[in-house]
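Data block below; observations after.
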Amino acid sequence: MIRSETVWRVQRTHKSTGRLNVYKGDFRCQHNVQQVSKHVKESKNTGCPAVLKITIQRYFSLPKHKDPLPEVIEFPALCELLYLHNHLLDSAAVKKFRPLSNLTQKRLIELFELGHTAATARQMLQMELELQSNEDYVEACMDSSKLPSLSVVNHLLNNEFRKIYGSRRESDIDREVEKYISSYNQQPFCVAGGIPIGYIITNAEETNIFREGVKLLCECFPEKCCLLQNGPLIVMIDDDLKEREVLSEIWPNSTYLLCQFHVLKAVWRWLMNSENKILKEHRQELYFFFKSLMYAETEMQLKELLQNMLENSTIRKYDKFIIYLSKLFSKKQLWCTCHRKMLLTRGNNTTNYVESLIKVLKETILGRVKAFSLVQLLDFIVTKFEKYLHSRYLDFSFGRSNKKLVKRFLPDDKGIIQNIRSLNKDNTYFEIDQHFVDLESSICTCFVGMNGKLCKHLSAVILKQNKQSTFVYSLESRKLMYEVATGKKLDSNSTLLLPLSFNPSHNFPSSQSDDALQPQFSSTVLPHSSNDILSQFNNNTLKHSSNDTLSPRDIDTFSQPCNDNNMVLPTINTTSQPIAATCQNSDSETDDDDGDYLQKFDDIINRIKSGYKNNPDVFKPAIKKMVKNVNKFGKTETGLVSALHNFGRNLNYSSRVLKCSRRRGNQIPVQPTAIARRKSIYSVVDIEKPPCFLRKFSPDGQHFVAFSLDQTSIEIYEYKGPAAGETLLSKLCVGQPNANDPDHRGIRSKIFEQFFKLKHTVNVAVNDEQLNRECSLFTDDGNHIIVGSAAYISDDNMPPFFEIYRNNESVSPNPRSYLENYTLHLIDMKNGILCDRRTFKTDKIFLSHNQGLYLYHDFLCVLSVQHQTIHVFQVKDNGTFINVRNIGRFCYEDDELYLSSVRYPEWEPCKTPFKPYRETSINALKHRILVFLYKRAVEECKNKDSPKPLCEYYQNFEHFCQLRMWKMQLIDKSHLLIKYASEDVITLRLPDPNAQPSFFVVYNMVTTEVLAVYENTSEKLLNIFESFCDYFRNAALQAPTQLSCSPSNNTYARTLQHRFQQTIINARFGGQTEAVKRLLAQLPISSQSYSVSPYLDLALFSYDDKWVSVMERPKACGDQPIRFYARDSGLLRFKIYAGVHGKNHPVSARRLVAFTFHPFDPFAISVQRTNSEYVVNFHVRHVESD
């Protein structure tokens, strides 16, 4: 029996007061909708006449001769079905109108309670259905009872929303909010209360509203809270006047500071505003002037910097900037660093913690989706946000926080200072290197630690004296956060949070004397054991990454106790020198005084003068360059100081680069703005070269191959290295090239000879043949190159019929794609001689981009599309071709010998020599494919217990027989990947061949077995291709050091491929099947068709693959340069100008550019084609010499 799954609606019910019937009802099909409205969808109403009548009768014990239904005893019911459906029962158009099932409705409500919207809830339901249904997913997804439409899910959400959050009308919002708050206050909640400690939800930024909000927030705090008694010690805010006024009224004793980051950002925005008329070249200088004011360490230094600024000629040009600066300087105590010396900021001068918290709230909690109403927003904050913070506190307590975030709160054991002296009996004040440390307040008199930041002096005291500070990431701080998160205080004997190396048998005194300097560890100190989690954090911060999240705000918030409000710096002074004199930078050196440094600097100047007098030829260019750099980069004080700091750092650059390449991170100590301005690639455009077509570099990078202008010979050049042209480029500045520059014109006429030297010219093509300049294959050792040539067959010399159709698989030639005579040439590159050749008469082989050839190690395969044969050769080291086998009509070499021993039936009638074209049998390779498909169909019939797969095989049998080989590639020395398609596809009769159906066959040419057959819509083959893309490309065969970039070895390449896939899926007339078809169109991959330059490695650089990519194919040429950004920092590293700048092109001209990259050197060649005009550019790494 097959269930029709028809949905029946009640049409009419009868009264149940009768003597015989308990229930009687009439039901109609859901597609027979009563026309109560004109807006009923016609797609649902078909006027279905099907009727179901159900009658349940009372049971009476009657004699058998009087019982109308003696066989119905337990269920006396009658069902009368008028089966007259006027629509299909198993189509998707019918199943989409099925009502929501109870199980699906329950699951959707669970997803709503987890915070999902209608769209995300339906998406989650669809994913779960796909995982549970497996092969039946196609039938399940068309059933609306299991996967409803978005409108049905949205309707259910609105109904559930009203039950939980009430009405969405503004008139009812107040009542619902009061009701929700009352319910929330009666429920137990997280004792931490969440951080921040309060929320003000409003839709207007007005002073009165903000004032009332803060007052109402204060009423929620307990009476003994420090916020109500004295207010916070420091409040970090933005430059918002209404916010500062309201907070000043409520907390008049607090100190208010501005976020330095936002102040600098506001200054830069003011400088960038065109209305202020600041020249572009002066903006950065003015910005750094103000930045030096902000980070002035003392008020005296601040005054001196301000005086120097006002006397600067650049600043005096802009009266608006001086007025703007005076307004900012009037509130300098809010943003200047020197006014924060005595404030316990713990090293925090920005509101980054607040910004991070807002980001978490928007992205993690709200999911970047607006709440439905004020009630739901309140629900998200007081429940989901607090649960999120609750889990964050537990992660911190259990040592699962992000190591990089807590590193700043860990005492550093590097460079520990030994001379520590205690100044009181309680061991809370210490002297170390002329600085004083207050361990109770966790502050130091050095410039770094005077604001409460963990400096090296405080770290030394904590580690050497085994003292505890509530500020650092310690066991006590983790215990505190555990208590805040759970509301439970750990017992003194609890071992829940103790490290692995803790020994409970140790007894430690509560205080230590000065001589107690040896490490004695307890549960409240920081042990040095390598097993301890704190030591692992400190040592492995740069080695391991963590998925745990702990924002700096969480650490900094609970690291400041309430008693810090009255905390001041200690006034202990054991020497005659005042403490203020000792408040110097912790990084300053005290080995020599200023006089010694000035004397050494004078000695350096004297050495330079002496060198200029004794050897002016050497020193004069260097001094001239130094003066030029000082005038260029040292105009400002900041630039001069930066130049002094970096003097001599780039010496021994090659060894430093080799050493830095072994580790990650920023290694060159320069400012990011300097890196962003650097352009290290110089483009020599429209160079003058010999009359030839440039092809590509050999895999070892030592040779370069070009084709002669008449395409009859090969020119082999010796590559001299990336620094060969530096003598020409030494006087040029990096930047955008201009073909009209006189210096550039002189360079472009000599640059080719500087980089390349002609080594050999080999005449190859004969008998009117022309070389295909897009066809070339290099052997693994780089000694030989294989090129192909073709000669057009004229109508006068048209070959006979059986030369065109050599077997029964031969295709009908396309008149638009003529047959040709092809020749493959093997050339010795070192000696410059032609070693061997193979000719293919009256054939069609796709030579362009090596599509019809494939070289794997020493095996060469050639696909004859016309005769449907794969020719396999072996390339010997001495430069000869060895015939291995031909695959097509036969699979074994002795197949033809075996068949020739028997009589062909076709010979009998005509008594003429037999021609393979007349064969009625299926050739050997096609026969093996058909056998494989037959066996697979039989296996599927057994698994599904259905004859349908075998019926489909026989139904498509003729289509399989008509398939022809289109492309192929070697996976290894034994296996071939062959692509089959229809004859119209391979002869290019269809406009979009990749969109047509095709098949991929994996064939073992040694055992002659077919291992697998895939359609071009197979997701399984796509997964194999993505996971083993390098095996399909065989990129590692051509050179010992390859920098290949593919989806299987590079995350960014795989991301780009997935983006491309999603673009096709979401496009018009797209979808998953179309996306798979487009991606599999890359297979089989042409041999040696991918570049392996470091510049194209997506792990190192990011670039727009619209203009350049790893595949050697011409790209569209734009007017803008191709920008390459560093992957680690995101900064611009260099640009490549592919076109000729300053030259106008016709609007209708089609401009294409092809790139040739050196395998590992910073050198590239671009060939731009505009209609029939070719322009060659060289792109070399060039930085101005010092």
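For the sequence shown, counting from 1, position 1170 maps to 1170 in UniProt numbering; every step adds exactly one. For glycine and all other residues, C-beta sits at the position ideal for the given N, C-alpha and C.
For this session: Quick one: grab the DSSP three-state call for L343.
Result: Coil at L343, not helix or strand.
Exercise. Based on Cα-Cα distance, which residue from L728, V630, N45 and E715 lies nearest to I785?
Worked result: For the options L728, V630, N45 and E715, the alpha carbon positioned closest to that of I785 is the one of E715.
For this session: Determine the DSSP secondary structure at Y199, reduced to helix, strand or coil.
Result: Correct three-state label for Y199: coil.
Exercise. Is the beta carbon of T779 less than 8 Å from the beta carbon of C835?
Worked result: No.
For this session: Could I get the ranges of all uninterrupted beta strand (DSSP E) runs contained in the segment 698-726, with 3 residues as the minimum, in chain order?
Result: 703-708 and 713-719, all fully within the segment 698-726.
For this session: Tell me whether the beta-carbon of K876 lies closer than 8 Å to the beta-carbon of I870.
Result: The answer is no: Cβ separation not under 8 Å.
For this session: Following the continuous alpha helix (DSSP H) through T1027, name the residue where it begins and the one where it ends.
Result: Looking at the sequence provided, one finds Ser at residue 1027 rather than Thr. S1027: member of the alpha helix (DSSP H) spanning E1019 to S1027, first to last residue.
Exercise. How big is the Cα-Cα spacing for L925 and Q1062?
Worked result: Answer to the nearest angstrom: the Cα atoms are 37 Å apart.
Exercise. Do you know offhand how far L497's Cα is from S391's?
Worked result: L497 and S391: Cα-Cα distance of roughly 16 Å.
Problem set entry | Boundaries of the beta strand (DSSP E) in which S1166 is found, first to last residue | Element bounds for S1166: F1163 to T1170.
Exercise. Quick one: what does DSSP say K331 is sitting in, helix, strand or coil?
Worked result: In this structure, K331 counts as coil in the three-state DSSP scheme.
Exercise. Exposed or buried, what is S511 when buried is set at 16 or more other beta-carbons lying within 10 Å of its beta-carbon?
Worked result: Reliability fails at S511, whose pLDDT of 34 lies under 50, so the model's placement of it is uncertain and no value is given.
For this session: List the residues that DSSP assigns as beta-bridge partners of T117.
Result: None; T117 has no bridge partner.
Exercise. Just how far apart, CA to CA, sit F1000 and L860?
Worked result: Between the alpha carbons of F1000 and L860 lies a distance of about 20 Å.
For this session: Take the Cβ of V1092 as the centre, count every other Cβ of all protein chains shown within 10 Å, and call the residue buried at 16 or more, exposed below.
Result: Buried, by the Cβ-count rule.
For this session: Run through the segment 977-1008 for me and flag every whole alpha helix (DSSP H) of 4 or more residues, listed as ranges in chain order.
Result: Runs of the alpha helix (DSSP H) lying entirely within the segment 977-1008 and spanning at least 4 residues, in chain order: 983-986.
Exercise. Within the present structure, is the beta-carbon of S492 separated from the nearest heavy atom of the ligand NAP by less than 7 Å?
Worked result: Summarising the ligand content, the structure contains no ligands, and the ligand NAP is consequently not present.
Exercise. The alpha helix (DSSP H) with L1080 in it runs from where to where?
Worked result: Its alpha helix (DSSP H) spans residues Q1072 to L1080.
Exercise. Three or more C-beta pairs closer than 8 Å, one from the segment 981-992 and one from the segment 1052-1072: is that the case here?
Worked result: Segments in contact, no.
For this session: Enumerate in chain order the residues of its own chain whose CB-to-CB distance from Q996 is below 7 Å, with the five nearest sequence positions on each side excluded.
Result: Excluding sequence neighbours, Q996 sits near A981, S982, V985 and L990.
For this session: Within its chain, find whatever has a CB closer than 8 Å to the CB of S1172; leave out the 5 residues flanking it on each side and keep chain order.
Result: No residues qualify anywhere along the chain.
Problem set entry | Which listed residue (S91, L423, A1053 and Q132) has its alpha carbon closest to that of D1104 | When each option's Cα is compared against that of D1104, the closest is A1053.
Exercise. Do S1089 and H825 have their C-beta atoms closer together than 8 Å?
Worked result: Contact flag unset, no.
Problem set entry | Counted within 10 angstroms of its Cβ, other Cβ atoms place V22 as buried (16 or more) or exposed | By the 10 Å Cβ count, V22 comes out exposed.
Exercise. Alpha carbon to alpha carbon, what distance is there between H1179 and P691?
Worked result: Rounded to whole angstroms, P691 to H1179 spans 20 Å at the Cα level.
Exercise. For the alpha helix (DSSP H) that Y388 lies in, which residues bound it at each end?
Worked result: That run of the alpha helix (DSSP H) goes E386 to S397.
Exercise. In three-state terms, what does DSSP make of I250?
Worked result: Note: I250 maps to helix in three-state DSSP.
For this session: Please classify L834: does DSSP put it in a helix, a strand, or coil?
Result: In this structure, L834 counts as strand in the three-state DSSP scheme.
Exercise. Hey, T713 and N763: beta-carbon distance below 8 Å or not?
Worked result: In the sequence as presented, Thr is not what sits at residue 713; that position holds Ser. Yes.
Exercise. Nearest-angstrom Cα distance between R58 and S151?
Worked result: For R58 and S151, the gap between their C-alpha atoms comes out near 44 Å.
Problem set entry | Element boundaries [alpha helix (DSSP H), containing H435] | Not the alpha helix (DSSP H): H435 falls in the beta strand (DSSP E), residues H435 to D438.
For this session: Going by CA-CA distance only, name the one from L233, Y256, K317 and L378 that's closest to L241.
Result: Closest by C-alpha distance to L241, out of L233, Y256, K317 and L378, is Y256.
For this session: Report back the beta-carbon spacing between N783 and M829 to the nearest angstrom; my notes put them in contact at under 8 Å.
Result: With a Cβ gap of about 6 Å, N783 and M829 count as contacting.
For this session: Please determine, among E820, S812 and C775, the residue with the shortest C-alpha to C-alpha distance to E769.
Result: A check of alpha carbon separations from E769 across E820, S812 and C775 identifies E820 as the nearest.
Problem set entry | N308: first and last residue of the uninterrupted beta strand (DSSP E) it sits in | Where N308 is concerned, there is no enclosing beta strand (DSSP E), although the alpha helix (DSSP H) it sits in stretches over E299 to E311.
Exercise. For the beta strand (DSSP E) that Y682 lies in, which residues bound it at each end?
Worked result: DSSP places Y682 inside the beta strand (DSSP E), whose first and last residues are I681 to V684.
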